[in-house]
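Worksheet: one structure, shown below.
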Amino acid sequence: MPSRTKTGMFAAAFLTCICSFVVICVVLATPHWVTSKVRFSGTNSSVMVSLTYGLFSGTCEQLVDAGLLVPEKIFQVAANLSNTKAKSTITAIIVILVLGLLVSLLSSGFTCTNAVSNPYQTFLGPIGVYTWNSLCGIFILIAMILFPVNIEGNGLSIELARGCFSALQKHVKSEHTYGYSYWIMLLIIFLNTASIIIIYFYDHARYSKKKEQERPIENAPKDVILF
1 MPSRTKTGMF AAAFLTCICS FVVICVVLAT PHWVTSKVRF SGTNSSVMVS
51 LTYGLFSGTC EQLVDAGLLV PEKIFQVAAN LSNTKAKSTI TAIIVILVLG
101 LLVSLLSSGF TCTNAVSNPY QTFLGPIGVY TWNSLCGIFI LIAMILFPVN
151 IEGNGLSIEL ARGCFSALQK HVKSEHTYGY SYWIMLLIIF LNTASIIIIY
201 FYDHARYSKK KEQERPIENA PKDVILF
C-alpha cells in the first residue's frame, strides 16, 4: 500500500488531470472560440457579417449601415468551408484536441493507479505522469497557435461569411475577438503544469528521504560497519 503522503499527492494530481479532461471537453463542445466582424463592400453601402463560432458550428448575421439585414442563423463550420487549407487546419485542431483528451485520460489513470498502489513498472510512476501531462500541454499549445493562424493566414472567418451569405462582394476588413472557449485552453496548460509540479515535489521529497536514510551508513566508522 502507498504511504499517506503519496496517496495525497497523487490524489491531488489526479484531480488536476480530471479537471484538465473536463475543460478539454468544454473547449471542443462550445462554439465560442472567436467572434469576427467581417466587412464587405456593397453597391451603395458596406455590409458587415458578424460570426461567432467554434470548431463545429456557429451563428452568423448580416448587417448594413442601416441595421440588421438578415436574421441570425446557425451554420456548420465544415459545410461552409471551400478553402482546403482552412478546412484541413480545423480538422487538424480537432484531432490534436482529441489526442489531448486521450492523453489527459491516460494521465488521470496513471495518477489514480499511483494513489492506490505501488506500480512495479517505472513508467507507470512519476515518469509516466510527467510524459502524459507534458504531451497534453504541447497539444493544447499547438491548437492555440493553429487557430489564430487559420483565421489570419487562411481567412477562416472570411470563408465562413461567404459560406453563410453567397452574395457578398469584396472583403474590406476584419476584426476578431477570441472567446472563452479559446482562452480556457490556458487553464488546461496550467492544470497540466500543476500536475507535474505536484508529482515533482513528491518525487523530490522521496529522493531526499532516501538519501537521508543512506547517509548514517555512509558516515559510520569503518569498525562499526565491519562489526
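Here full-length UniProt numbering is used: position 148 in the sequence shown is 148, and no number is missing along the way. Cβ coordinates follow ideal geometry from the N, Cα and C atoms, glycine included. It should be emphasised that the depicted structure is a prediction, and the values quoted were computed from it without experimental measurement.
Start and end residues, alpha helix (DSSP H) containing residue i
| i | result |
| --- | --- |
| Lys87 | 84 to 116 |
| Lys6 | 4 to 29 |
| Val149 | 126 to 154 |
Segment limits, beta strand (DSSP E) that includes residue i
| i | result |
| --- | --- |
| Ser57 | 57 to 64 |
| Ser174 | 171 to 178 |
| Leu51 | 47 to 53 |
| residue 228 | Given a span of 1 to 227 for the chain in the structure shown, any question on residue 228 remains unanswerable. |
CA nearest to the CA of residue i, picked from the options
| i | options | result |
| --- | --- | --- |
| Trp183 | Glu152, Ile198, Ala167, Phe147 | Phe147 |
| residue 230 | Val116, Ser41, Ser46, Ser181 | Only positions 1 to 227 of the chain appear in this structure, which leaves residue 230 out of reach. |
| Gly128 | Met185, Leu191, Phe190, Ile196 | Ile196 |
| Leu186 | Thr91, Ile145, Ser41, Ala78 | Ile145 |
| Lys45 | Lys170, Leu105, Ile188 | One point to set straight first is that residue 45 is Ser, not Lys, in the sequence displayed. The shortest C-alpha separation from Ser45 is found at Lys170. |
| Glu152 | Ser134, Glu175, Ile188 | Glu175 |
| Phe75 | Val172, Gly163, Ile189, Lys173 | Gly163 |
| Thr7 | Thr111, Phe56, Leu168, Leu160 | Thr111 |
| Val172 | Thr5, Ala13, Arg39, Thr30 | Arg39 |
| Gly155 | Pro31, Gly109, Ala86 | Ala86 |
| Glu72 | Ile188, Leu141, Met48, Arg4 | Met48 |
| Gly179 | Arg4, Ser3, Thr5, Thr30 | Thr30 |
| Thr84 | Phe190, Glu159, Ser3, Thr5 | Glu159 |
| Thr91 | Ile188, Leu28, Thr35, Thr52 | Leu28 |
| Thr35 | Leu124, Ser134, Thr177, Ser88 | Thr177 |
Alpha carbon of residue i to alpha carbon of residue j, nearest angstrom
| i | j | result |
| --- | --- | --- |
| Leu15 | Cys136 | 15 Å |
| Phe201 | Phe165 | 56 Å |
| Ala194 | Asp203 | 14 Å |
| Gly54 | Ser157 | 11 Å |
| Gly58 | Val149 | 19 Å |
| Ser50 | Gln62 | 6 Å |
| Cys19 | Val64 | 43 Å |
| Trp132 | Phe139 | 11 Å |
| Ile199 | Ser82 | 46 Å |
| Phe227 | Asn118 | Here the model assigns Phe227 a pLDDT of 43, short of 50, so the residue's position is not dependable, and the following value carries that caveat. So the two alpha carbons sit approximately 35 Å from each other. |
| Cys60 | Tyr130 | 42 Å |
| Ile93 | Ala11 | 30 Å |
| Ala115 | Ile96 | 28 Å |
| Pro126 | Leu106 | 13 Å |
| Trp33 | Ala13 | 28 Å |
| Phe56 | Met9 | 37 Å |
| Cys17 | Leu168 | 46 Å |
| Ala161 | Val77 | 10 Å |
| Lys37 | Asn80 | 17 Å |
| Ser104 | Asn192 | 9 Å |
| Ser108 | Thr52 | 33 Å |
| Phe123 | Thr113 | 12 Å |
| Ser3 | Ser88 | 49 Å |
Any non-hydrogen atom of the ligand NAP within 7 Å of residue i CB
| i | result |
| --- | --- |
| Ile158 | With respect to the ligand NAP, the structure shown offers nothing to examine, as it has no ligands at all. |
Inset, instruction - Could you tell me whether the segment 23 to 33 touches the segment 86 to 105, using the rule of 3 or more Cβ pairs below 8 Å? - result: Enough Cβ pairs lie closer than 8 Å, so yes.
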